[in-house]
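Residue numbers for the sequence shown follow our numbering, so the first one is 52 and each next one is one higher.
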Amino acid sequence: MAVSEKLITTVSTKGQVILPSAIRKRRDWGAGTRLQVEDTPEGVLLKPAPAFAQTRPEEVFGALPHRGRPKTLEEMDEGVLAEARRRHARD
């Protein structure tokens, strides 16, 4: 489907709109996909809804208390890799 091709759909009595199959396939929007709806001056914008609510660091800082010196990025990478190896070894 060409990007400039115009597609037409209809709003049902329940306010539902069916997105054309070509658009759903191109966007990989299957049944159950949650979409964020935004009213813009150009029209209505649909985009995938975020999986989690947006948070700021100060809202979650200290959620997992840690004692001792902070870990370096290298130490964190090593820890993640070690856990992945441990879990893979169980299978």
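For every residue, glycine included, the Cβ atom is placed at its ideal position computed from N, Cα and C.
Simplified DSSP assignment, three categories, for residue i
{"i": "P101", "result": "coil"}
{"i": "D79", "result": "coil"}
{"i": "G113", "result": "coil"}
{"i": "G94", "result": "strand"}
{"i": "L132", "result": "helix"}
{"i": "E89", "result": "strand"}
Own chain, CB closer than 7 Å to residue i, minus 5 neighbours either side, in chain order
{"i": "T64", "result": "none"}
Residues near residue i in its chain [Cβ-Cβ closer than 6 Å; skip 5 each side]
{"i": "E89", "result": "L96"}
Cutoff 8 Å; reference residue i; Cβ partners in own chain excluding five residues on either side
{"i": "G130", "result": "K122"}
Problem set entry | contact_flag[the stretch 97-105, the stretch 78-88] where n(CB pairs < 8 Å) is 3 or more | yes
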